[in-house]
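Protein chains in written order, with our numbering: chain C, 2 to 148; chain B, 2 to 148.
Ideal placement from N, C-alpha and C gives every residue a C-beta, glycine not left out.
2 protein chains.
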Amino acid sequence: MTYSIGQVAEMFDLPISTLRYYDKEGLFPSLERKSGIRKFSEVEIDALRVIECLKGSGLEIKDIKQFMDWCTQGPETYVQRKELFERRLDALEEEMTRLSRMRDMLKYKCWYYDTALADGGEERIQAMLPDNLPPDVQELYDSGFRS
Amino acid sequence: MTYSIGQVAEMFDLPISTLRYYDKEGLFPSLERKSGIRKFSEVEIDALRVIECLKGSGLEIKDIKQFMDWCTQGPETYVQRKELFERRLDALEEEMTRLSRMRDMLKYKCWYYDTALADGGEERIQAMLPDNLPPDVQELYDSGFRS
DNA sequence: GTAAAAGCTAAACCTAACTTTAGGTCAAGT
DNA sequence: ACTTGACCTAAAGTTAGGTTTAGCTTTTAC
């Protein structure tokens with residue numbers, strides 16, 4: 002069973018142009034054609050599922066291509082593939098830590114403008130900075146701006 | 002007290018060209034000059050601290066400019082500013098949820114290649130898919146690929 | 001058998017956020 | 001006065017990840 006580029010585009014809700022772009026970038030190393038027309042098989046469908054995941058985790062296209070090439074090469078590249086995912090996992094956990102601090106910063110800003118609106122001005126808040134905010138807010142402030 | 006563009010660049014560990022770019026984009030609405038040369042004051046230093054935070058939370062330059070303009074306009078824009086931060090907070094929490102699923106996917110992939118290496122092949126794992134993985138791994142798989 | 005729909009390619013275009021380049025000005029020290 | 005280093009601008013270049021365009025060919029439906 003094979004699928005046309007249009008069917009695949011619909012399955013994954015991707016523009017056809019994106020699929021052609023991925024192909025051009027070498028993301029479907031074993032894609033076949035019949036008189037010039039691409040025939041997507043289960044292999045490419047699986048590849049697309051992996052591509053969506055890897056892209057979602059922040060991997061660049063060229064690194065996804067590398068991974069696809071390793072898959073084509075067989076079991077001798079298990080170590081490389083595993084190390085790729087380990088590096089991605091480390092990078093993603095760092096990113097989540099960073100976002101967590103940014104979230105605290107944003108929560109602080111929300112409190113700031115809530116309070117400024119209630120007060121009708123920023124003077125009272127400014128007088129509390131940088132060390133005399135309400136304890137729960139102080140925590141957000143320290144996490145968001147000082148670490 | 003004012004600072005030269007070079008001093009500010011060093012303080013924030015940013016290239017001079019980036020500061021000029023920010024200025025061109027309108028991120029320092031009250032930046033002054035003496036015979037053409039930029040004089041950065043505390044106002045711009047504060048602005049830069051805010052810029053770094055907003056950028057880190059994913060805001061685009063044009064939205065940061067909007068925020069700076071609102072700040073210049075005074076208390077009548079408190080509501081807009083607050084809503085900007087609330088929208089950012091929602092977007093960031095959605096992004097963290099997404100990354101959390103991606104992390105599970107990556108953890109699954111790490112387990113997959115660990116196991117493939119130990120087994121010397123993927124056959125045993127493939128036979129367990131998609132519903133008969135070890136329970137802890139199954140959880141990662143379901144979270145990473147199916148939700 | 002013909003017309004529309006779907007497919008193809010190469011190449012140009014797009015956006016964000018900078019960076020680099022080219023050519024000129026300003027300021028500080030000797 | 002002069003040299004050197006820091007500063008200036010406008011405009012072009014860069015990168016990633018596509019998208020659009022123009023001009024074709026192939027397939028499908030009637």
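To the nearest angstrom, how far is it from the Cα of residue i to the Cα of residue j?
i: residue 28(C); j: residue 58(B); result: 31 Å
i: residue 137(B); j: residue 132(C); result: 44 Å
i: residue 77(C); j: residue 67(C); result: 14 Å
i: residue 61(B); j: residue 54(B); result: 12 Å
i: residue 36(C); j: residue 70(C); result: 25 Å
i: residue 32(B); j: residue 82(B); result: 21 Å
i: residue 108(C); j: residue 130(C); result: 16 Å
i: residue 139(C); j: residue 124(C); result: 17 Å
i: residue 141(B); j: residue 147(B); result: 10 Å
i: residue 34(B); j: residue 135(C); result: 39 Å
i: residue 25(C); j: residue 99(B); result: 28 Å
i: residue 5(C); j: residue 73(C); result: 23 Å
i: residue 115(B); j: residue 94(C); result: 20 Å
i: residue 122(B); j: residue 10(C); result: 32 Å
i: residue 90(B); j: residue 106(C); result: 9 Å
i: residue 7(C); j: residue 143(B); result: 28 Å
i: residue 126(B); j: residue 56(C); result: 24 Å
Should residue i be labelled buried (16 or more other beta-carbon atoms within 10 Å of its own) or exposed?
i: residue 145(B); result: buried
i: residue 119(C); result: exposed
i: residue 48(B); result: buried
i: residue 17(B); result: exposed
i: residue 128(B); result: exposed
i: residue 22(C); result: exposed
i: residue 19(B); result: exposed
i: residue 65(C); result: buried
i: residue 110(B); result: buried
i: residue 88(C); result: exposed
i: residue 52(C); result: buried
Can you tell which of the options has the C-alpha that lies nearest to the C-alpha of residue i?
i: residue 45(B); options: 18(B), 30(B) and 67(B); result: 30(B)
i: residue 113(B); options: 96(C), 109(C), 128(C) and 79(C); result: 79(C)
i: residue 2(C); options: 40(C), 12(C) and 34(C); result: 40(C)
i: residue 104(C); options: 121(B), 102(B), 97(B) and 83(B); result: 97(B)
i: residue 101(C); options: 108(B), 92(B), 107(B) and 106(B); result: 92(B)
i: residue 12(C); options: 134(C), 63(C), 64(C) and 42(C); result: 42(C)
i: residue 117(C); options: 38(B), 75(B) and 9(B); result: 75(B)
i: residue 85(C); options: 63(C), 99(C) and 106(C); result: 63(C)
i: residue 15(C); options: 99(C), 50(C) and 94(C); result: 50(C)
Can residue i be considered in contact with the ligand FMN, in the sense that its beta carbon sits closer than 7 Å to one or more heavy atoms?
i: residue 75(C); result: As for the ligand FMN, it is missing from this structure, which has no ligand bound.
Between residue i and chain B, is any beta-carbon pair separated by less than 8 Å?
i: residue 4(C); result: no
i: residue 128(C); result: no
i: residue 80(C); result: yes
i: residue 125(C); result: no
i: residue 27(C); result: no
i: residue 41(C); result: no
i: residue 115(C); result: yes
i: residue 18(C); result: no
Are any of the Cβ atoms in chain C nearer than 8 Å to that of residue i?
i: residue 134(B); result: no
i: residue 97(B); result: yes
i: residue 1(B); result: There is simply no residue 1(B) to check, as chain B begins at 2 and stops at 148 in what is shown.
i: residue 72(B); result: no
i: residue 76(B); result: yes
i: residue 44(B); result: no
i: residue 147(B); result: no
i: residue 48(B); result: no
i: residue 149(B); result: Absent from the structure is residue 149(B), since the part of chain B shown begins at 2 and ends at 148.
i: residue 110(B); result: yes
i: residue 13(B); result: no
i: residue 94(B); result: yes
i: residue 7(B); result: no
i: residue 142(B); result: no
i: residue 118(B); result: yes
i: residue 69(B); result: no
i: residue 21(B); result: no
i: residue 87(B); result: yes
i: residue 32(B); result: no
> Curious, which full-length alpha helix (DSSP H) runs of at least 4 residues does the region 12 to 92 of chain B contain?
Replying inline: 17 to 25, 43 to 57 and 62 to 74, all fully within the region 12 to 92 of chain B.
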